[in-house]
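In what follows, a structure is listed as structure tokens, so that the remarks can point back to it.
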Amino acid sequence: MAPILRVEGVKKRFGGNVVLDGVDLEVEKGEIRGLIGPNGAGKTTLFNLISGIYSIDDGKIIFDGKRLDKMKQHEICRAGVARTFQIAKPILGMTVLQNVISGRIFGARQIFNVEKATREAMDILKFVGLEGKASVPVESLAIGDIRRLEIARAIACEPKLILLDEVLAGLSVQEIEVALKFIEEMREKFGVTVIMVEHVMRAVMGISDRVSVLHNGKIICTGKPKEVACNKQVIESYMGRE
Amino acid sequence: MKVENLEYSYGKIKVLRGVSLEVKKGSITAILGPNGAGKSTLVNNIAGLLTPESGDVYFNGKRITHLPPEERVRMGMVLVPERRRLFEHLTVLDNLKAGAYLNRGGLNDALKQVFSLFPILEERKNQVVSTMSGGQQQMVAVARGLMANPSLLIMDEPLLGLQPTIVSELVKNFKKISEMGKTILLVEQNFYQVAKIMDYAYIIEHGQIVLSGSAQKVKSNPKVKKAYLGI
């Protein structure tokens with residue numbers, strides 16, 4: 027099967043600091059892919075390049091046959107790539123429902139019928155378990171609900187690929203269990219491909235079909251979680267040299 | 506030093522979930538764990554840079570949970586912070602003198618001590634810190650911590666981003682500092698290097714201590730790898 031996302035030799039520097047130094051990554055359709063690596067490895071930077079927040083210095087990003095690296099953020103979203111942010115970015119001053127509606131109206135399948143968009147946004151809120159808080163202002167949400175809303179807003183854009191940036195950060199062990207089940211359900215229900223950046227290793231190793239490790243600006247290893255956990259380079263990058 | 510049931514959150518994000526630990530006098534105690542586990546948050550609570558939501562910190566039998574950092578320094582607890590936080594535009598000597606701010610009477614003895622530990626710093630005492638290598642800067646940071654003549658030296662990720670050769674040299678120096686009679690609390694990701702010198706270790710994962718015990722016991726426990734790599 028052809029990969030849905032292909033990142034080829036992508037480089038990114040900030041000033042003299044080379045953050046990504048030729049990243050190659052292929053993600054299959056329908057896969058849950060974990061993206062891990064030490065602090066400062068460039069994981070969020072890679073997400074920012076795929077979603078068009080920064081532009082790449084070199085290389086190519088091909089999604090579903092299209093060159094993402096030539097597109098603007100909203101075009102990338104409409105091409106079918108949605109993301110969440112490590113520091114959640116709900117639209118403040120709006121309710122939970124309004125936040126999801128805006129994704130529905132301006133996302134991939136632009137629905138300029140507010141009634142229809144509202145109805146569908148409510149369905150998404152039901153799916154993430156936030157329907158009871160639809161009319162709550164986003165400022166008053168607890169962390170678990172903020173994460174659910176981040177995901178609901180991404181789903182509202184009808185993505186084929188969803189980038190989850192540390193959606194488990196700050197959740198309790200029980201909340202993480204719920205969130206993981208939910209990510210699997212999301213893949214089944216919407217047929218979406220998932221890439222997740224995550225520090226909670228138990229969780230990411232548990233849920234991912236395959237895991238890629240980013241270290242010193244390059245992918246040093248990709249494989250099934252068990253294979254990755256035995257890789258010498260990976261162990262060294264996490265635990266030091268024996 | 507003792508920590509009981511410490512909890513801490515950044516805004517809505519809970520980072521420490523009831524951490525308890527003990528640092529025995531004269532020991533090298535390590536807090537080890539992957540990034541994002543809460544290690545730096547924990548030491549910043551111990552050093553007084555953050556105030557816990559609940560739980561307590563004790564030092565030499567006294568409850569110091571709400572004491573400001575400088576009071577803790579006066580009591581003999583000194584932190585060598587993550588990423589060094591040196592006065593980069595000042596010379597080595599000036600940085601060291603600043604470290605002795607609360608130990609002015611002992612300045613000369615302390616200088617002699619750190620120069621014998623890190624001879625390169627005596628050679629370079631008039632060099633501006635920002636022009637030195639990462640490894641040398643880390644030596645300045647550790648030395649500055651020692652200038653206050655602490656009984657407990659806490660080091661937060663002192664090996665981060667350093668070359669392997671410098672790492673093993675520093676680790677040997679930590680052992681020497683311990684032999685000078687200092688208690689050491691070492692917070693690190695680099696498990697294998699710290700494992701060479703530690704007496705006791707606590708493995709922290711997701712804001713909780715998941716494993717603790719003597720170096721021997723912790724080194725052979727498969728839970729360590731699980732905490733770092735999830736499997």
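So the sequence lines, in the order shown, correspond to chains A and B.
Per my numbering: the first sequence = residues 27 to 268.
Per my numbering: the second sequence = residues 506 to 736.
We put the beta carbon where it would ideally sit given N, CA and C, even for glycine.
Exposure of residue i, with buried meaning 16 or more beta-carbon neighbours within 10 Å
i, result
"E684/B", "exposed"
"P624/B", "exposed"
"D482/B", "Beyond the ends of chain B as shown, which are 506 and 736, falls residue 482/B; an answer cannot be given."
"G223/A", "For clarity, residue 223/A is Val in the given sequence; the question names Gly instead. V223/A is buried by the Cβ-count criterion."
"F89/A", "buried"
"T248/A", "buried"
"Q643/B", "buried"
"T534/B", "buried"
"I117/A", "exposed"
"N565/B", "exposed"
"N139/A", "exposed"
"T636/B", "exposed"
"G707/B", "Note that residue 707/B is Tyr in the sequence shown, not Gly. Buried is the call here."
"A67/A", "buried"
"N65/A", "exposed"
"E141/A", "exposed"
"H225/A", "buried"
Chain A residues whose Cβ lies nearer than 7 angstroms to that of residue i
i, result
"N540/B", "P64, N65 and H225"
"N631/B", "Near N631/B there are no residues of chain A at all, since even the closest Cβ is about 28 angstroms away, more than 7 angstroms."
"H571/B", "Simply none; closest approach about 25 angstroms."
Proximal chain B residues relative to residue i, where beta-carbon distance stays under 7 angstroms
i, result
"A195/A", "I518"
"I169/A", "K517 and I518"
"E178/A", "Correcting the residue identity first, residue 178/A is Ala in this sequence and not Glu. The premise fails here: A178/A is roughly 18 angstroms from chain B at the closest Cβ pair, so nothing lies under 7 angstroms."
Closer than 8 angstroms at the beta carbon, the chain A residues around residue i
i, result
"Q698/B", "G266 and R267"
Test: residue i CB closer than 8 angstroms to a CB of chain B
i, result
"K142/A", "no"
"R174/A", "no"
"V230/A", "yes"
"A134/A", "no"
"K159/A", "no"
"K69/A", "no"
"A255/A", "yes"
Close beta carbons around residue i, own chain, < 6 angstroms, minus the five adjacent residues each side
i, result
"R298/A", "Missing from the structure shown is residue 298/A; chain A here goes from 27 to 268 and no further."
"L667/B", "G639 and G640"
CB contact check: residue i to chain A, cutoff 8 angstroms
i, result
"I736/B", "yes"
"Y705/B", "no"
"H594/B", "no"
"Y733/B", "yes"
Proximal residues of chain B, C-beta to C-beta of residue i below 8 angstroms
i, result
"P251/A", "G735 and I736"
"A147/A", "In chain order: nothing, as chain B lies at least about 24 angstroms away."
Spatial neighbours of residue i in its chain, beta-carbon cut-off 8 angstroms, leaving aside the 5 residues before and after
i, result
"I172/A", "A114, P116 and V164"
"I87/A", "L31, R32, V33, E34, V36, L75, I76, R93, L94 and D95"
"D704/B", "K529, S532, I533, T534, S719 and A720"
Chain-order list of residues whose beta-carbon lies under 7 angstroms from that of residue i (same chain, five-residue window excluded)
i, result
"E83/A", "According to the sequence displayed, residue 83/A carries Asp and not Glu. Same-chain partners within the cutoff: K37, K38 and R39."
"V729/B", "F696, I708, L716 and V723"
"A700/B", "A720 and K724"
"F73/A", "R109, L189, D191 and V223"
"V53/A", "P29, I30, L31, R59, T219 and I221"
"K250/A", "R236"
"K681/B", "L622"
"D561/B", "E509, R568 and T570"
"L572/B", "G553"
Next on the checklist: Against chain B, which members of the stretch 43-64 of chain A pass a CB distance test of less than 8 angstroms?
Outcome noted: P64
Item to check | Contact list for the stretch 656-681 of chain B against chain A, Cβ threshold 7 angstroms | outcome: P669
Checklist entry - Residues in the stretch 87-118 of chain A with C-beta within 8 angstroms of chain B's C-beta atoms, listed in sequence order? => result none
Checklist entry - Given a limit of 7 angstroms on CB to CB distance, which residues of the stretch 234-249 of chain A reach chain B? => result none
Item to check | Near-chain A residues of the stretch 545-567 of chain B (beta-carbon distance less than 9 angstroms), N- to C-terminal order | outcome: Cβ contacts with chain A come from no residue of the stretch 545-567 of chain B.
Checklist entry - Going along the chain, which residues of the stretch 196-219 of chain A sit with their C-beta nearer than 8 angstroms to a C-beta in chain B? => result G196, S198 and V199
Item to check | Positions along the stretch 684-698 of chain B whose CB lies within less than 9 angstroms of some CB in chain A | outcome: E693, Q694, N695, F696, Y697 and Q698
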